[in-house]
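Participant: Encoded as structure tokens, here's the structure I'll be asking about.
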Ligand SMILES: Nc1ncnc2c1ncn2[C@@H]1O[C@H](COP(=O)(O)OP(=O)(O)OP(=O)(O)O)[C@@H](O)[C@H]1O
């Protein structure tokens, strides 16, 4: 049974590329080496995941680890060789083509790295395009598209054509276009990786801001661990088609489950991922202390401690709930605490 807050679930999901993959997978009984020896490509190997409503779920892994294949399976753009995909409790693999088209059009949004804006349409027309496909009336389309263009910071550019925009601006149009249909589940496959680092960071900030307003359920793919820890509520780390660990950024860094995850996360400063909640001693907060939310990271509290504070007060939903001491922070940074 799915928990009520789990919106997308996959169980024992496999994608094997090559001839007679289904029969070969049954015969191999999950032994990927046997499949490889037969010249088949087991791109996704027995993956189990569940994405919770309203979270940013990042799938992270190096090139060829199976991220894109997994995401295509989750949206059923390609058929799995074996396994299950459930969306809001519905088995997507038994949905008819018509039903799948309806789900993709109305409930799922997708942004890819090299998505195509339609070159002969303006920004506004591009953003309104999926609404036209849905059959939304022209005036309502234009109104909604205008809102989305403003949301991604491109107000004033509605009449421009894609060729007149920078790469970052084009990517914003792609984001606006995928949001126009108000998707419940939003897939983003390396949406920022073609952009230069400064623009990329700007779009990440923008994305965090958007999500704090929209609370979408998001599956976000990246091969960049820094991007993953900036954005994710949880991260699934993939290697050779297998999910090595699925956890919060903090847990991945502090408690890596495999050597691979340890190697991947070893260089990340703990202060960037550990949240103040972890170091907090609950209790009344002394008067005069600087206050920070429990979701903030230790790095974000750095300036307060560098400014000489011995402790800071911690809030939860705006109410003071405890204290983090300078000592706890030093212990963490020197390898002790947490
Ligand atoms: N249509 C296909 N036919 C055969 N093999 C494929 C096909 N699509 C993907 N693969 C293989 O599956 C494996 C996983 O590919 P996938 O594109 O999912 O990786 P990825 O992690 O998304 O990589 P990247 O970050 O480079 O996009 C790779 O070995 C790839 O060559």
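In the numbering used here, the protein residues as written are 14 to 351. Beta carbons: idealized from backbone N, C-alpha and C, even for Gly.
(1) Does residue 15 come out as helix, strand or coil in the three-state DSSP assignment?
(2) Compute the beta-carbon to beta-carbon distance between residue 2 and residue 324, rounded to the nearest angstrom, for a pair I have assumed lies under 8 Å.
(3) Ligand 1 heavy atoms versus the CB of residue 32: any closer than 7 Å?
(4) When DSSP labels each residue in this structure, what does residue 295 get in the three-state scheme?
(5) With DSSP run on the structure shown, which of helix, strand or coil describes residue 233?
(6) Go through the residues and name those whose CB comes closer than 6 Å to any heavy atom of ligand 2, in chain order.
(7) Decide if residue 103 is buried, meaning its Cβ has at least 16 other Cβ atoms within 10 Å, or exposed.
(8) Using 8 Å as the Cβ pair cut-off and three pairs as the minimum, do the stretch 299 to 314 and the stretch 271 to 287 touch?
(9) Have a look at residue 53 and residue 59 and give me their C-alpha separation to the nearest angstrom.
(10) Please report the distance separating the alpha-carbon of residue 74 from that of residue 301.
(11) Measuring CB atoms only, is the stretch 267 to 275 touching the stretch 231 to 242, in the sense that at least three cross pairs come out at less than 8 Å?
(12) Nearest by alpha-carbon distance to residue 331: which of 346, 344, 292 and 307 is it?
(13) Around the Cβ of residue 15, are there at least 16 other Cβ atoms within 10 angstroms (buried) or fewer (exposed)?
(14) How about residue 144 and residue 158: do their beta carbons lie closer than 8 Å?
(15) Going by Cα to Cα distance, which pick from 132, 48 and 21 is closest to residue 172?
(16) Using alpha carbons as the reference points, say which of 291, 304, 225 and 334 lies closest to residue 341.
(17) Indicate whether the contact test is met: 3 or more Cβ pairs, each with one atom in the stretch 117 to 127 and one in the stretch 61 to 70, closer than 8 Å.
(18) Where residue 262 and residue 320 are concerned, what is the direct C-alpha to C-alpha distance, given to the nearest angstrom?
(19) Which term fits residue 135, buried or exposed, when burial requires 16 or more other beta carbons within 10 angstroms of its beta carbon?
(20) Note down, one range per segment and in chain order, each beta strand (DSSP E) of at least 3 residues found wholly within the stretch 32 to 79.
(21) Once DSSP output is grouped into helix, strand and coil, what is the label at residue 253?
(22) Round the Cβ separation of residue 303 and residue 322 to the nearest angstrom and send it over; I've been treating them as touching at under 8 Å.
(23) Where does residue 187 sit, in a helix, a strand or coil, going by DSSP?
(24) Assuming residue 34 and residue 94 make a contact with CB atoms under 8 Å, what is their CB distance in whole Å?
(25) Is residue 232 closer than 8 Å to residue 119 when the C-beta atoms are compared?
(26) Residue 84 and residue 254: beta carbons closer than 8 Å?
(27) Exposed or buried, what is residue 216 when buried is set at 16 or more other beta-carbons lying within 10 Å of its beta-carbon?
(28) Count the other CB atoms, across all protein chains shown, that sit within 10 Å of the CB of residue 265; report buried if there are 16 or more and exposed otherwise.
(29) Which two residues bound the contiguous beta strand (DSSP E) that contains residue 315?
(30) Which partner residues does residue 28 have in the DSSP bridge list?
(31) According to the neighbour-count rule (16 or more other Cβ atoms, all chains shown, within 10 Å of its Cβ), is residue 218 buried or exposed?
(32) Taking C-alpha atoms, which residue in 205, 116 and 197 lies nearest to residue 179?
(33) For residue 201, decide whether its Cβ has a neighbour in chain C, counting only Cβ atoms nearer than 8 Å.
(34) In terms of residues, what are the limits of the beta strand (DSSP E) holding residue 327?
Facilitator: Concretely, from the data shown:
(1) As a working note, residue 15 is residue 2 in the chain shown. Caution applies to residue 15, whose pLDDT of 48 falls short of 50 and renders its modelled position unreliable; the value that the coordinates give is listed next. If DSSP states are grouped into helix, strand and coil, residue 15 belongs with coil.
(2) In the structure as shown, the chain begins at 14 and stops at 351. Residue 2 is therefore absent and cannot be evaluated.
(3) For the purposes of this step, residue 32 is identified with residue 19 of the chain shown, where counting begins at 1. Not under cutoff, so the answer is no.
(4) Reading the chain shown from its first residue, position 282 is the one you call residue 295. In this structure, residue 295 counts as strand in the three-state DSSP scheme.
(5) Within the chain shown, the letter at position 220 stands for residue 233. If DSSP states are grouped into helix, strand and coil, residue 233 belongs with the strands.
(6) Ligands in the displayed structure: ligand 1; ligand 2 is not one of them.
(7) In the chain shown, the residue the question calls residue 103 occupies position 90. Exposed: under 16 other Cβ atoms inside 10 Å.
(8) yes
(9) In the chain shown, residue 53 corresponds to position 40, counting from 1. In the chain shown, residue 59 corresponds to position 46, counting from 1. Taking the straight line from one Cα to the other gives about 15 Å.
(10) Residue 74 sits at position 61 when you count from the first residue of the chain shown. Residue 301 sits at position 288 when you count from the first residue of the chain shown. Whole-angstrom Cα-Cα distance: 45 Å.
(11) no
(12) Position 318 of the chain shown, counted from the first residue, corresponds to residue 331. Comparing Cα positions, the closest option is 307.
(13) As a working note, residue 15 is residue 2 in the chain shown. Any reading at residue 15 must be qualified, since the residue scores a pLDDT of 48, below 50, and its modelled position is unreliable; the value itself is stated next. With fewer than 16 Cβ atoms within 10 Å of its Cβ, residue 15 is classed as exposed.
(14) The count along the chain shown starts at 1 and reaches residue 144 at position 131. The count along the chain shown starts at 1 and reaches residue 158 at position 145. Against a cut-off of 8 Å, the Cβ pair of residue 158 and residue 144 comes out as a contact.
(15) Within the chain shown, residue 172 is the residue found at index 159, counting from 1. Answer by Cα proximity: 132.
(16) Here residue 341 refers to the residue found at position 328 when the chain shown is read from its first residue. The candidate whose alpha carbon is nearest that of residue 341 is 291.
(17) no
(18) To locate residue 262, count along the chain shown from 1; it is residue 249. To locate residue 320, count along the chain shown from 1; it is residue 307. If I take the Cα positions, the gap works out to 27 Å.
(19) Position 122 of the chain shown, counted from the start, is the residue given in the question as residue 135. It is buried - the Cβ of residue 135 has at least 16 other Cβ atoms within 10 Å.
(20) 54 to 65 and 69 to 74
(21) Mapped onto the chain shown, residue 253 falls at position 240. Note: residue 253 maps to coil in three-state DSSP.
(22) Along the chain shown, one-based indexing puts residue 303 at 290. Along the chain shown, one-based indexing puts residue 322 at 309. About 6 Å; that satisfies the 8 Å criterion.
(23) For the purposes of this step, residue 187 is identified with residue 174 of the chain shown, where counting begins at 1. If DSSP states are grouped into helix, strand and coil, residue 187 belongs with the helices.
(24) Counted from its first residue, the chain shown places residue 34 at position 21. Counted from its first residue, the chain shown places residue 94 at position 81. With 8 Å as the limit, residue 34 and residue 94 qualify as a contact, their Cβ atoms being about 5 Å apart.
(25) The sequence position of residue 119 within the chain shown is 106, counting from 1. The sequence position of residue 232 within the chain shown is 219, counting from 1. Result no, Cβ atoms of residue 119 and residue 232 do not sit closer than 8 Å.
(26) Taking the first residue of the chain shown as position 1, residue 84 is located at position 71. Taking the first residue of the chain shown as position 1, residue 254 is located at position 241. In this structure, residue 254 does not lie closer than 8 Å to residue 84 by Cβ.
(27) Locating residue 216 in the chain shown gives position 203, where the first residue counts as 1. Result: buried.
(28) Locating residue 265 in the chain shown gives position 252, counting from the first residue. By the 10 Å Cβ count, residue 265 comes out buried.
(29) Within the chain shown, residue 315 is the residue found at index 302, counting from 1. No beta strand (DSSP E) holds residue 315; the alpha helix (DSSP H) holding it covers 311 to 319.
(30) Here the question's residue 28 lines up with position 15 in the chain shown. Answer is 57.
(31) Your numbering for residue 218 matches position 205 in the chain shown. Its Cβ having fewer than 16 others within 10 Å, residue 218 is exposed.
(32) The sequence position of residue 179 within the chain shown is 166, counting from 1. Nearest option by C-alpha distance: 205.
(33) Absent from the structure: chain C. Only one protein chain is present.
(34) Indexing the chain shown from 1 puts residue 327 at position 314. Note, residue 327: beta strand (DSSP E), 324 to 329.
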